[in-house]
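Q: The structure that follows is given in the form of structure tokens.
Numbering (my numbering), first residue to last: -3 to 542.
Encoded structure:
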């Protein structure tokens, strides 16, 4: 079905779809039922450039883009939309990140806006500019359609001036919202507006002694010097504390949709109240679950735990990352290297299924949302997990070696005819070298396994060289069927007897490849080669327990 040729039909299907981007887009439609749809519907994502961008930041942009496209489908592309990626780069640097070079360079600048802190990498005019560039580079690499917004630009240009003056005018109301959310000690020093010290450049966390909405200034005292200042809130003289800052953005920019992490549920409520005080309407959105590292701890830009954007792209494609972000956004996700192989293979499985699905099913398919309704027409010949096992078995150190096996398995496929598979080959080699190879632990077969491997070797020897994956898999199963250890009484074999348990395949991968698991064994042998697999068996049989 040509979706582009039938927007009305597509809209009807989308109105009934329970894919989460459509559920979110329908919330936006409802938002405008009484007020009418604005000329441009504004989506926003926020980014705090206190450290190198992590995958959680990318996930927020990717997911918001999916909702934006779903909304465009529901409105038949008749309503303009924009996605603002806003960087709070005037935020004061609270501590030196753990994952940057030249950390000593940053220490004297604690408390200054990130755009006034030197770049420890030495490539940009400030640390904030460097981290903004890192974020934009990746977003551009993936092809997101977005408008980047810098808090530095918005504050210093006067874009926020009117909203800041309104915050002064309604200062007591804003404080009435904020103070109940703070600890008693914090209440004594809290201010929703933070003056930037005219002499040191530090973002001052001090109480305001006087608020003058008529002349747009605040009065405060430097606690170290005792010197008193009157600072204008306009043209970048001050910035809003982060919850009021969030509300300020929503009100001034007219943000209609913004999602946030589950840990911000209460903060969303607080900022929404302040947005209303400033005369704005809080955006629609939902709270997604947190991204966790391998230890189950929340990932952090300053800690650099979990996996970075560049690290994922070292081992897999942007599409696989977007696929991982699509699934169950309200469930916690581990963001570490071991999730990559499954994400890659699952992406291609859904891509392959897409062409066989009817339009209703296609709208449920993650690849439709990842590719804004236009997923690629073809998948790949060899799964990523299979490539990893091929590298493992062959000890391939370069693409040429791996392609030698692939072209024998699929003669019509070459690096030139399938550049996507060629890229996947490179990913597999790098992933294997860094994560699989260091963990390989071969074990010697016990007596039961030794006899089974001898029988398997004989079975493989009897197969024709051109035997396909299915024929090889059946031979592998036939070896295990009479062995009591590998019988699974919950399954039924072709002769009516017990089926074969996964323990048999676990033993094969442990003994032959030094790994705990792998893909379908018959497919692996078809790709690697019967003769080559028999050599692996011979090596295993020559291995004895100490």
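Idealized CB from N, CA, C, for every residue including glycine.
What residues match up with residue 283 in a beta bridge as DSSP calls it?
A: Start at 1 with the first residue of the chain shown, and residue 283 comes out as number 287. BP columns for residue 283 point to 256.
Q: Could you check the C-alpha separation between residue 492 and residue 469 for me, to the nearest Å?
A: If you number the chain shown from 1, residue 492 lands on position 496. If you number the chain shown from 1, residue 469 lands on position 473. Between residue 492 and residue 469, the C-alpha separation is close to 18 angstroms.
Q: Confirm, please, whether the CB-CB distance from residue 499 to residue 524 is below 8 angstroms.
A: Translated into positions along the chain shown, residue 524 becomes position 528. Translated into positions along the chain shown, residue 499 becomes position 503. Result no, Cβ atoms of residue 524 and residue 499 do not sit closer than 8 angstroms.
Q: Is it buried or exposed, residue 100, if we count other Cβ atoms within 10 angstroms and call 16 or more buried?
A: As a working note, residue 100 is residue 104 in the chain shown. Exposed, because fewer than 16 other Cβ atoms sit within 10 Å of the Cβ of residue 100.
Q: Give every residue of the same chain whose Cβ lies closer than 8 angstroms to the Cβ of residue 522, excluding the five residues on either side of it in the sequence, and list them in chain order.
A: Numbered from 1 along the chain shown, position 526 holds the residue referred to as residue 522. Only 405, 463, 464, 465 and 468 meet the Cβ criterion.
Q: Let me know the alpha helix (DSSP H) ranges lying completely inside the region 28 to 71, each 4 residues or longer, listed in chain order.
A: As far as the region 28 to 71 is concerned, its whole alpha helix (DSSP H) runs of at least 4 residues are 51 to 70.
Q: Could you pull the DSSP bridge partners for residue 216 from this structure?
A: Along the chain shown, one-based indexing puts residue 216 at 220. Residue 216 pairs with 225.
Q: For the beta strand (DSSP E) that residue 494 lies in, which residues bound it at each end?
A: Indexing the chain shown from 1 puts residue 494 at position 498. Residue 494 -> beta strand (DSSP E) spans 494 to 496.
Q: For residue 339, which residues does DSSP report across the bridge?
A: Taking the first residue of the chain shown as 1, we reach residue 339 at position 343. Looking at the DSSP assignment, residue 339 forms no beta bridge with any residue, so it has no partner.
Q: Count the other CB atoms within 10 Å of the CB of residue 64; is the residue buried (16 or more) or exposed (fewer)?
A: For this step, residue 64 is matched to residue 68 along the chain shown. Looking at its Cβ environment, which holds 16 or more other Cβ atoms inside 10 Å, residue 64 is buried.
Q: Between the alpha carbons of residue 422 and residue 395, how many angstroms are there, rounded?
A: Along the chain shown, read from residue 1 onward, the residue named residue 422 stands at position 426. Along the chain shown, read from residue 1 onward, the residue named residue 395 stands at position 399. So the alpha carbons of these two residues sit roughly 6 angstroms apart.
Q: If we count Cβ pairs, one from each stretch, closer than 8 angstroms, do we get three or more for the region 216 to 223 versus the region 245 to 257?
A: Contact between the region 216 to 223 and the region 245 to 257 is absent, because fewer than three Cβ pairs lie under 8 angstroms.
Q: What's the C-alpha gap between residue 144 and residue 249?
A: Position 148 of the chain shown, counting from 1, holds the residue named residue 144. Position 253 of the chain shown, counting from 1, holds the residue named residue 249. Roughly 13 angstroms between the two C-alpha positions.
Q: Hey, how far is the Cα of residue 14 from the Cα of residue 22?
A: Residue mapping note: residue 14 aligns to position 18 of the chain shown, counting from 1. Residue mapping note: residue 22 aligns to position 26 of the chain shown, counting from 1. The straight-line gap from Cα to Cα measures roughly 10 angstroms.
Q: Are the region 75 to 92 and the region 106 to 114 in contact at 8 angstroms, needing three or more beta carbon pairs?
A: Contact holds: three or more Cβ-Cβ distances are below 8 angstroms.
Q: Helix, strand or coil for residue 434, going by three-state DSSP, please let me know.
A: The sequence position of residue 434 within the chain shown is 438, counting from 1. Residue state, collapsed to three classes: helix.
Q: Can at least three beta-carbon pairs, one atom from the region 145 to 165 and one from the region 218 to 238, be found at a separation below 8 angstroms?
A: A contact exists between the region 145 to 165 and the region 218 to 238.
Q: When you compare only the Cα positions, how much space is there between residue -3 and residue 355?
A: Translated into the one-based positions of the chain shown, residue -3 becomes position 1. Translated into the one-based positions of the chain shown, residue 355 becomes position 359. Per-residue confidence for residue -3 stands at a pLDDT of 43, beneath the threshold of 50, marking its modelled position as unreliable; the derived number appears in the next sentence. Answer to the nearest angstrom: the Cα atoms are 7 angstroms apart.
Q: Helix, strand or coil for residue 9 per DSSP?
A: Taking the first residue of the chain shown as 1, we reach residue 9 at position 13. DSSP places residue 9 in helix when its eight states are reduced to three.
Q: Grab the span of the alpha helix (DSSP H) containing residue 474 for me, first residue to last.
A: In the chain shown, residue 474 corresponds to position 478, counting from 1. Unbroken alpha helix (DSSP H) run through residue 474: 465 to 476.
Q: Beta carbon of residue 62, beta carbon of residue 319: below 8 angstroms?
A: Within the chain shown, the letter at position 66 stands for residue 62. Within the chain shown, the letter at position 323 stands for residue 319. Cβ distance not < 8 angstroms, so residue 62 and residue 319 don't count as in contact.
Q: For residue 483, which three-state DSSP category applies?
A: Position 487 of the chain shown, counting from 1, holds the residue named residue 483. Here residue 483 sits in strand by DSSP.
Q: Going by CA-CA distance only, name the one from 377, 448 and 388 that's closest to residue 407.
A: Numbered from its first residue, the chain shown carries residue 407 at position 411. Answer by Cα proximity: 377.
Q: Give me, in chain order, the residues of the same chain whose beta-carbon lies closer than 6 angstroms to that of residue 56; leave out the 5 immediate sequence neighbours on both sides.
A: Within the chain shown, numbered from 1, the residue matching residue 56 stands at position 60. Cβ neighbours of residue 56 beyond the five flanking positions: 41.
Q: The beta strand (DSSP E) spanning residue 206 covers which residue range?
A: In the chain shown, residue 206 corresponds to position 210, counting from 1. 206 to 208 is the extent of the beta strand (DSSP E) around residue 206.
Q: Measure how close the beta-carbons of residue 449 and residue 471 come, nearest whole angstrom, since I'm counting them as under 8 angstroms.
A: Taking the first residue of the chain shown as position 1, residue 449 is located at position 453. Taking the first residue of the chain shown as position 1, residue 471 is located at position 475. Going by Cβ atoms, the distance from residue 449 to residue 471 rounds to 13 angstroms, so no, they are not a contact pair.
Q: So, with DSSP's three-state summary, where would you put residue 422?
A: For the purposes of this step, residue 422 is taken as residue 426 along the chain shown, with counting starting at 1. Helix at residue 422.
Q: Give the secondary structure of residue 303 by DSSP, where H, G and I count as helix, E and B as strand, and everything else as coil.
A: Residue mapping note: residue 303 aligns to position 307 of the chain shown, counting from 1. In the structure shown, residue 303 sits in coil (DSSP, three-state: anything other than H, G, I, E or B).
Q: Tell me which same chain residues have a C-beta within less than 6 angstroms of the C-beta of residue 533, skipping the five on either side of it?
A: Here residue 533 corresponds to residue number 537 of the chain shown, with the count starting at 1. Closer than 6 angstroms at Cβ, skipping near neighbours: 449 and 453.
Q: Would residue 114 pass as a contact of residue 66 if the rule is Cβ separation under 8 angstroms?
A: In the chain shown, residue 114 corresponds to position 118, counting from 1. In the chain shown, residue 66 corresponds to position 70, counting from 1. No.
Q: Can you check DSSP and say which residues form a bridge with residue 88?
A: As a working mapping, residue 88 is identified with position 92 in the chain shown. According to DSSP, which records beta bridges pairwise, residue 88 is partnered with 109.
Q: According to DSSP, simplified to helix, strand and coil, what is residue 330?
A: Counted from its first residue, the chain shown places residue 330 at position 334. In this structure, residue 330 counts as strand in the three-state DSSP scheme.
Q: Among 389, 480 and 416, which one has its Cα closest to the Cα of residue 436?
A: Reading the chain shown from its first residue, position 440 is the one you call residue 436. Residue 436 has its Cα closest to that of 389, out of 389, 480 and 416.
Q: Could you tell me the alpha carbon to alpha carbon distance between residue 207 and residue 213, rounded to whole angstroms?
A: Stepping through the chain shown from its first residue, residue 207 is reached at position 211. Stepping through the chain shown from its first residue, residue 213 is reached at position 217. For residue 207 and residue 213, the distance between alpha carbons rounds to 6 angstroms.
Q: Hey, quick one: how far does the beta strand (DSSP E) through residue 145 stretch, first residue to last?
A: By one-based count along the chain shown, residue 145 stands at place 149. Its beta strand (DSSP E) spans residues 143 to 146.
Q: Helix, strand or coil, according to DSSP, for residue 191 in the structure here?
A: Here residue 191 refers to the residue found at position 195 of the chain shown. Strand, per DSSP.
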